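Chemist: When you line the sequence shown up against my numbering, it's residues 11 to 72, in that order.
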Amino acid sequence: VSLCQDLVSFEDVAVFFSMEEWALLDSEQKALYREVMMENKRNVASLGKGFCYCSAKYFFLN
11 VSLCQDLVSF EDVAVFFSME EWALLDSEQK ALYREVMMEN KRNVASLGKG FCYCSAKYFF
71 LN
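In structure tokens:
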């Protein structure tokens, strides 16, 4: 059993789009996505040492 299973990871609160899905979003939707993802990252990071921060790939394309 991994310790990470009991802790919050970025992936637990992240939303991921495929390249095809990302291409369907307009600029306002992409900006909102970036804002929400950054807020999620800050919130998870604020949990301190007790959280599991697994690296995430997310699309910040224009």
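Here a beta-carbon is modelled for each residue, glycine too, at the ideal position from N, C-alpha and C.
On a predicted model such as this, the values are computed, not experimentally measured, just so you know.
Pop quiz: V54 and F20 are said to be a contact at Cβ under 8 angstroms. What is the actual Cβ separation, rounded to whole angstroms?
Modeler: Here residue 54 corresponds to residue number 44 of the sequence shown, with the count starting at 1. Here residue 20 corresponds to residue number 10 of the sequence shown, with the count starting at 1. Contact holds; Cβ gap of about 5 angstroms.
Chemist: Apart from the five residues just before and just after V25, which ones in its own chain have a Cβ nearer than 6 angstroms to its Cβ?
Modeler: Your numbering for residue 25 matches position 15 in the sequence shown. None.
Chemist: Just how far apart, CA to CA, sit R44 and K51?
Modeler: Taking the first residue of the sequence shown as position 1, residue 44 is located at position 34. Taking the first residue of the sequence shown as position 1, residue 51 is located at position 41. Cα to Cα, the separation comes out at about 10 angstroms.
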